[in-house]
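Residue numbers (the numbering used here): 1248 to 1424.
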């Protein structure tokens, strides 16, 4: 999987920051064992942090989630229906979003009309834990996959009061000394 940039609040940090994120899957395995964040905001620019998952916790890797999405009857039937109607279904990149001590996978699904117009965002596929769902919005997909209300309804800048995640961060690279 290719690393990508995102703005997120790292576990144990008070504010969101710009990071380069890379899910870590061991060679010859498919489950995710950790994720790497490269900090991109000053004064932490260039620092790398590895967040590992407990060895007794199975976290599906990106390839496993892709397979689960393709095997989902509801999703595959809808994609087949759209493709038969003369439209072209385009799957966006699968994005790994760390949330607390778990992972939310998100993939946009676009539909391009046969006339060749710009693709339109039609659905959002989300996978969280054992659930894989497809909904019209990210909020609906998160709510259905996690069975809890989305946190981003809070006003931007509102102070978070939840406990730090249970990841085991390991600092690598330059130290703050």
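Glycine included, C-beta positions come from ideal geometry on N, C-alpha and C.
Can you give me the Cβ contacts of residue 1342 inside the same chain, cut-off strictly under 6 Å, excluding the 5 residues immediately before and after it?
1353
Check residue 1299 in the structure and name its three-state DSSP category.
Three-state DSSP puts residue 1299 in a strand.
Considering only residues of the same chain and omitting the five flanking positions on each side of residue 1387, which have a CB-CB separation below 8 Å?
1371
Can we count residue 1387 as close to the ligand FMN, meaning its CB is less than 6 Å from some heavy atom?
In the structure shown, the ligand FMN is absent, as is every other ligand, since no ligand is present at all.
Tell me the rounded alpha-carbon separation between residue 1300 and residue 1261.
21 Å
Are there 16 or more other CB atoms within 10 angstroms of the CB of residue 1333, so buried, or fewer, so exposed?
exposed
From 1345, 1339 and 1265, residue whose alpha carbon lies closest to that of residue 1307:
1345
Let's test the definition: count the other Cβ atoms within 10 Å of the Cβ of residue 1323 and tell me whether it reaches 16, buried, or not, exposed.
exposed
According to DSSP, simplified to helix, strand and coil, what is residue 1403?
Only weak support is given to the placement of residue 1403: the predicted model assigns it a pLDDT of 40, under 50, and the value that follows is read from those uncertain coordinates. Reduced to three states, the DSSP call for residue 1403 is coil.
Residue of 1326, 1298, 1394 and 1356 minimising C-alpha distance to residue 1268
Per the Cα distances, 1298.
Beta-ladder partner(s) of residue 1282, from DSSP
As a beta-bridge residue in DSSP terms, residue 1282 pairs with 1270 and 1298.
Chain-order list of residues whose beta-carbon lies under 8 Å from that of residue 1276 (same chain, five-residue window excluded):
If we look at residue 1276 and ignore the five residues flanking it on each side, its Cβ neighbours are 1308.
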